[in-house]
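11 is the number of the first residue of the sequence shown in my numbering; add one for each residue after it. Worksheet: one structure, shown below.
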Amino acid sequence: MRVLALLLGGLTALSVHAEPDNTCWGDPVNVAVLDISSAPFTSNKKGAEATMKYQTNPNWFSGVCNRSVPFSSMTHYIDVGPALIPSDINPGYFKLSDDIDILLGSYGDDTIMKYFPLEPSDSLIGSAGPGSFGKNIPTTGFAVAGSGVAKFKLRRDIIGGAIVVPPDTELFSAYRVMDWKPYPPRPSRPLVQARTKGSGQVIPVMPECSINQGNTIEANFHTLQTNLVPSRSDDEGYRKDIALHFSCTTSLTQDIQVQLVAGSADFSSDLIRSDNHQLGFALKHNGVLIRPMESFSARLENGVDNENITLSPVKDVYRELKGGRFNASATLVILSI
11 MRVLALLLGG
21 LTALSVHAEP
31 DNTCWGDPVN
41 VAVLDISSAP
51 FTSNKKGAEA
61 TMKYQTNPNW
71 FSGVCNRSVP
81 FSSMTHYIDV
91 GPALIPSDIN
101 PGYFKLSDDI
111 DILLGSYGDD
121 TIMKYFPLEP
131 SDSLIGSAGP
141 GSFGKNIPTT
151 GFAVAGSGVA
161 KFKLRRDIIG
171 GAIVVPPDTE
181 LFSAYRVMDW
191 KPYPPRPSRP
201 LVQARTKGSG
211 QVIPVMPECS
221 INQGNTIEAN
231 FHTLQTNLVP
241 SRSDDEGYRK
251 DIALHFSCTT
261 SLTQDIQVQL
271 VAGSADFSSD
281 LIRSDNHQLG
291 FALKHNGVLI
301 RPMESFSARL
311 ENGVDNENIT
321 LSPVKDVYRE
331 LKGGRFNASA
341 TLVILSI
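Here it is as structure tokens:
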């Protein structure tokens, strides 16, 4: 037992990661969550633009720093998220989805907007930094890169009245280092990062096509017997058949995708989340399960189409389903192909 304790202690010591001198990082990383649903598009046509601000909450945040040089001004490495690729349509922008491109930027102490990605030599400068020399110095008062602007451009015409934003997507990570040449290497952890919301978002735009004339679709299951709710989506149980009528303001004839925008149940990514953590809902189209953020195919003929979906409740097989009221919500969005 004594040898085992010594071995574990040695492994723990080896696992500690020392960050480079003259850098700052978040512990934990400060995160700005962008509410992109408020992006103010005034058109649904390709090339339409929108601009919004973002910031951490609160807008001042803290970090941990190493400092060994007599200089306090700091600059940044800023990377765009790994899922974002340079746009093939809008120079300088990055592709966020098939529908939308994004460009992010922030102000330094000189109040000049600089757009990401950035290297330290691009001089996104912040004056806040550690007030003393040493290792792992708790430091407060950071703000640069924690607030700025996000610009958007539509990559194509949006016919369904909404743009789907991919969930929990990293938009950028900012690594803070001393403005001292040669510039220090970036730390292993960013000081601040921006992400989209975890459950996905929808940006409303002017629609050309709608589902059930844009009315809310109600599926009231009334009273359910908990012991009769199945624990698998392919088991027989309660179900609601829902008719969908697609109609457009023009005589479009084309294939479309209909995307299910919803949060996933805590116990299964196959199911729509409800406010009862032991209960989710399966959505099927032509007998095929459509998971949250997935889509099914349909076709408009002269601007119209009719489809049917089925909703059914599914319980967590590992936890008791308790009685009480429940609610769930989701959005169906028509997408061009």
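Glycine included, every Cβ here is placed at the ideal spot set by N, Cα and C.
- A residue is called buried once 16 or more other Cβ atoms fall within 10 Å of its Cβ, and tyrosine 328, having fewer, is exposed.
- Residues Asp89, Pro200, Gln203 of the same chain have their beta carbon placed closer than 6 Å to that of serine 183, with the five preceding and five following residues left out of the count.
- One Cα belongs to asparagine 67, the other to aspartate 109, and the distance between them is close to 28 Å.
- Between valine 314 and the set Ala340, Met303, Thr259, the nearest pair of CA atoms involves Thr259.
- Counting only runs of 3+ residues, the beta strand (DSSP E) found wholly inside the region 164-197 occupies 172-175, 180-188, in chain order.
- In the same chain as serine 48, and ignoring 5 residues on each side of it, the C-beta atoms closer than 7 Å to its own belong to Met62, in chain order.
- Secondary structure note for lysine 294: its beta strand (DSSP E) is the uninterrupted segment 289-295.
- Alanine 93 places its beta carbon less than 8 Å from that of glutamate 180.
- Annotation: arginine 249 to alanine 292 spans about 9 Å, alpha carbon to alpha carbon.
- Distance from the CA of alanine 60 to the CA of threonine 52, rounded to the nearest whole angstrom, comes to 8 Å.
- In the assembly as shown, isoleucine 282 is a buried residue. Its beta-carbon has 16 or more other beta-carbons within 10 Å.
- Taking C-beta atoms under 8 Å as the contact rule, leucine 289 and leucine 331 qualify, at a distance of about 6 Å.
- Contact between the region 134-151 and the region 116-124 is present: three or more C-beta pairs spanning the two stretches fall below 8 Å.
- For glycine 334, the closest alpha carbon among the candidates Val343, Phe231, Pro240, Asn316 is that of Phe231.
- Residue environment for valine 298: exposed (fewer than 16 other C-beta atoms within 10 angstroms of its C-beta).
- Using a Cβ distance threshold of 8 Å, valine 268 and alanine 308 count as a contacting pair.
- In the structure shown, leucine 238 adopts helical secondary structure according to DSSP, grouped into three states.
- Per DSSP, phenylalanine 277 is not a residue of any beta strand (DSSP E), being assigned neither H nor E.
- Setting aside the 5 residues that flank it on each side, aspartate 285 is surrounded in the same chain by Phe336, Asn337, Ala338, each with a C-beta closer than 8 Å to its C-beta; the list follows chain order.
- One alpha carbon belongs to threonine 226, the other to histidine 255, and they sit about 13 Å apart.
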